[in-house]
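Single-structure report; data block below.
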Amino acid sequence: MKVIQDKYEKKKIQTLPCVHFEGRIIVIFTERDAEKAVDFLMKQKVLGFDTETRPSFQKGKMHQVALLQVSTHDECFLFRLNRMGVPDSVVRLLEDTTITKVGLSLQDDMRMLNQRRRFKPGTFVELQKEVKEIGIEDNSLQKIFANLFGEKISKGQQLSNWEADVLTEAQQKYAATDAWACIKIHEEVTKMKKEKNFILEKTSEEQPVTTELVEATHE
33 MKVIQDKYEK KKIQTLPCVH FEGRIIVIFT ERDAEKAVDF LMKQKVLGFD
83 TETRPSFQKG KMHQVALLQV STHDECFLFR LNRMGVPDSV VRLLEDTTIT
133 KVGLSLQDDM RMLNQRRRFK PGTFVELQKE VKEIGIEDNS LQKIFANLFG
183 EKISKGQQLS NWEADVLTEA QQKYAATDAW ACIKIHEEVT KMKKEKNFIL
233 EKTSEEQPVT TELVEATHE
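Per this note's numbering, the sequence shown runs over residues 33 to 251.
The structure is reproduced here in structure tokens:
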């Protein structure tokens with residue numbers, strides 16, 4: 033029986049083994065390469081989805097989204113939007129309604145991408161909503177992943193320069209891992225909802241921890 037918590041303690045994460053994407057990472061700089069990548073991605077059934085933006089340390093100043101990462105189970109494409117903009121092929125993928133695209137905080141991603149180029153989002157699954165259906169209240173990718181898999185996703189590159197001329201290996205791994213992790217979470221939650229073989233531990237600062245079996249159902 034799998035045991036999960038409704039709220040995962042952040043301090044526990046530091047004790048967990050680190051996990052990262054171990055598949056192939058392809059960095060996309062040109063519209064031509066983007067077209068080829070999208071042709072491949074459009075043949076998949078499920079895709080992990082995320083974006084990265086150069087952090088701003090100046091009040092009132094915001095940068096545009098710099099990177100779009102789209103992952104399969106074993107390949108991740110990093111589209112360098114700050115170098116090529118949002119080409120027609122990427123818009124085609126974003127507006128597609130046949131492929132399940134999974135992400136976290138998608139409303140923010142869509143808003144940032146729309147600032148670069150207007151489009152109508154197609155089929156997307158919001159993980160924050162999906163995990164709440166099994167009782168998880170956390171919203172961060174790191175906490176959700178740790179809760180479900182007992183492994184830590186490093187956030188060390190989060191505030192790095194995503195507009196750098198060359199993305200470091202550490203940046204590429206970080207970006208790919210976030211997108212890939214979305215697939216892992218989606219598939220695990222789908223399995224848990226179907227099999228109903230997990231226990232949710234209710235945490236409270238005022239009361240001792242209690243456990244209950246969650247009878248999760250599809251909406």
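In this text, a Cβ means the ideal position worked out from N, Cα and C, and glycines have one as well.
Next item on the list: Quick one: give me the first and last residue of the beta strand (DSSP E) that Q174 is part of.
Entry: Not the beta strand (DSSP E): Q174 falls in the alpha helix (DSSP H), residues L173 to F181.
Check: For E83, which residues does DSSP report across the bridge?
Finding: It is worth fixing the name first, because residue 83 is Thr in this sequence and not Glu. L100, per the DSSP bridge assignment.
Next item on the list: Specify the secondary structure class of L48 as computed by DSSP and reduced to three states.
Entry: coil
Next item on the list: Find the nearest neighbour of G188 within the set F151, L99, A207 and Q160, judged by alpha-carbon distance.
Entry: A207
Checklist line | Beta-bridge partners of K34, as assigned by DSSP | finding: F230
Check: On the three-state DSSP scale, how would you describe L23?
Finding: A query on residue 23 cannot be resolved here, the shown segment of the chain reaching from 33 to 251 and no further.
Notebook entry, point to check: Under a Cβ-count criterion, where at least 16 other Cβ atoms within 10 Å of its own Cβ denotes burial, should L229 be classed as buried or exposed?
Noted result: As written in the sequence, residue 229 is Asn, which differs from the Leu given in the question. Per the 10 Å Cβ criterion, exposed.
Next item on the list: State yes or no: is the C-beta of E205 within less than 7 Å of the C-beta of L48?
Entry: Rather than Glu, the amino acid found at residue 205 in this sequence is Lys. The Cβ-Cβ distance between K205 and L48 does not fall below 7 Å.
Margin query: Give me the residue from L79, T85 and D106 with the minimum Cα distance to E130.
Written below: Reading off the sequence shown, one finds Thr at residue 130, where the question assumed Glu. When each option's Cα is compared against that of T130, the closest is L79.
Checklist line | Bridge partner(s) assigned by DSSP for C108 | finding: I57 and S103
Next item on the list: Report the residue from R150, K77, T85 and G117 whose alpha carbon sits nearest the alpha carbon of T104.
Entry: K77
Note to self: Quick check on E158: does DSSP put it in helix, strand or coil?
What the structure shows: strand
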